[in-house]
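The structure under discussion appears below in the form of structure tokens.
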Amino acid sequence: MKSRKLGRTALSLSELSFGAAGIGNLYRRVSREDALATLQAAWDAGIRYFDTAPYYGQGLSERRVGDFLQGKPRDEFVLSTKVGRILKPAEAGVTPDYGFVDALPFVVEYDYSYDGIMRSHEQSLARLGLGSVDILYVHDLEETTLGEEAYRHHFGIFTESGIEALHELKAKGLIGAFGLGVNEVPACLNLMEIDEIDCILLAGRYTLLDRSAAARLLGRCAETGTALVIGGVFNSGILATGAKPGATFNYNEAAPEVMERVRAMEDHAASHGVALAAAALHFPLQNADVASVLIGTAKPDSLRRNLSIFETAVPDAAWAGFDALALDD
1 MKSRKLGRTA
11 LSLSELSFGA
21 AGIGNLYRRV
31 SREDALATLQ
41 AAWDAGIRYF
51 DTAPYYGQGL
61 SERRVGDFLQ
71 GKPRDEFVLS
81 TKVGRILKPA
91 EAGVTPDYGF
101 VDALPFVVEY
111 DYSYDGIMRS
121 HEQSLARLGL
131 GSVDILYVHD
141 LEETTLGEEA
151 YRHHFGIFTE
161 SGIEALHELK
171 AKGLIGAFGL
181 GVNEVPACLN
191 LMEIDEIDCI
201 LLAGRYTLLD
211 RSAAARLLGR
221 CAETGTALVI
231 GGVFNSGILA
241 TGAKPGATFN
251 YNEAAPEVME
261 RVRAMEDHAA
271 SHGVALAAAA
281 LHFPLQNADV
291 ASVLIGTAKP
301 DSLRRNLSIF
311 ETAVPDAAWA
321 GFDALALDD
């Protein structure tokens, strides 16, 4: 699989990468055997960039990713995890529900301070069973996740002390890059006004359908040399399934306007001899600042299906038609 340089860093990422929320039992239980089989399918296909987080299964995803990568040559893969949440032991028999089934018995607490980020990094290494990670993303430091007041509070703490922890870890060679892992554009722009970051993992906002990032963020990234990793390229389903009844767009049932646009996109894709899902996977990579497209799945067959779809090239002549059908910012 081809690789791309991560902005101005020394890291290179496979064009497709593996997002490990699903193997942390997001919404449904995944056996350890199935999780490792999915990771193996990714490795066999040439994927060499893996992304996880403490939040995914309250540490379960990190443990599974670490179990898989142990024994692999350390110079053959790139690994990212996230900071901003600390895991603390839950009371006996009481595991909070954060959307992960049969998660590990930990309570999640937000902590974007210097000490919190250093502690989160150390905890992640212990769960992974590895000596290092390559990239740290500051997880969900955004208003949509935290709420307006809490976002202002945590953003202040992070810019006062937390970001210094990331600079320190990078200066010591303990990580190769750091950035934001979020779902919204304003959070990225707010931080980029204050300090330089190496990369952004952005979910669902630079897709074939949703171009929210195009107007403001992409230009800023080009100016600063900030790389992008794009997740949520199917907008939670509709760009994979098409506009069928019950299709979801950004985790809600798709509105009639969205369904109409996606139907038109399906017709346009068919007129160029490609599947809509293939165009969705390839679209972000048309931008030179995008280093990788993240695929999140917990099923080997689903992963292989996406990889097979990705092998289909999208004609250059098709892109203008997709651009005309995309949702406005």
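Everything in the sequence shown is counted per full-length UniProt numbering, starting at 1 for the first residue and increasing by one. Ideal Cβ placement from N, Cα and C applies to all residues, glycine included.
For residue i, which residues from the same chain have a beta carbon less than 8 Å from its beta carbon, with the 5 sequence-adjacent residues on both sides left out?
i	result
R119	I86 and D111
G173	none
N190	F155
R304	A41 and A45
P186	E142 and E143
Buried or exposed for residue i, going by 16 or more other Cβ atoms inside 10 Å?
i	result
V94	exposed
N25	buried
T81	buried
N235	buried
G219	exposed
Y56	buried
Y251	exposed
A270	exposed
Y27	exposed
Q123	buried
P256	exposed
P284	buried
A324	exposed
By the three-class DSSP mapping on this structure, what secondary structure does residue i have?
i	result
T312	coil
I230	strand
S12	strand
N252	strand
K5	strand
Y137	strand
F155	helix
F178	strand
S124	helix
I197	coil
A279	helix
T144	helix
A165	helix
A203	strand
L69	helix
L303	helix
G59	coil
With a threshold of 7 Å on Cβ separation, who are the neighbours of residue i within its own chain once the five nearest residues in sequence on each side are excluded?
i	result
K88	F106, V107 and E109
L128	E62, V65 and G66
G22	V30, G296, T297 and A298
G225	G7 and R8
Q286	W319
S14	M1, S3, G46, I47, R48, Y49 and S292
G59	L87, L104, F106 and R127
Name, in chain order, the residues that DSSP records as bridge partners for residue i.
i	result
F18	F50 and I295
E109	I86
F100	L26
D208	As written in the sequence, residue 208 is Leu, which differs from the Asp given in the question. Its beta-bridge partners do not exist; DSSP assigns none.
V78	Y49
V290	L228
L36	Bridge partners of L36: none, in fact.
L327	D210
Sorted by chain position, which residues of the same chain lie with C-beta nearer than 6 Å to residue i's C-beta, five sequence neighbours on each side aside?
i	result
A277	A240 and I309
V274	T312 and V314
T159	I194
A37	P300
F68	L36 and L39
L79	F50, V133 and D134
T232	Before going on, a small fix: residue 232 reads as Gly here, not Thr. Once the five neighbours on either side are set aside, the close Cβ partners of G232 are A203 and G204.
With 8 Å as the threshold, decide whether the Cβ of residue i is near any Cβ in chain B.
i	result
C221	Included in the structure is just one protein chain, with no chain B present.
Contact between the segment 45 to 56 and the segment 314 to 329 (3+ Cβ pairs under 8 Å): Contact between the segment 45 to 56 and the segment 314 to 329 is absent, because fewer than three Cβ pairs lie under 8 Å.
Three-pair Cβ contact test at 8 Å for the segment 3 to 10 versus the segment 284 to 297: When C-beta atoms of the segment 3 to 10 are compared with those of the segment 284 to 297, three or more pairs fall below 8 Å, so the two segments count as touching.
Inter-stretch contact (C-beta, 8 Å, three-pair minimum) for the segment 131 to 142 and the segment 95 to 103: no
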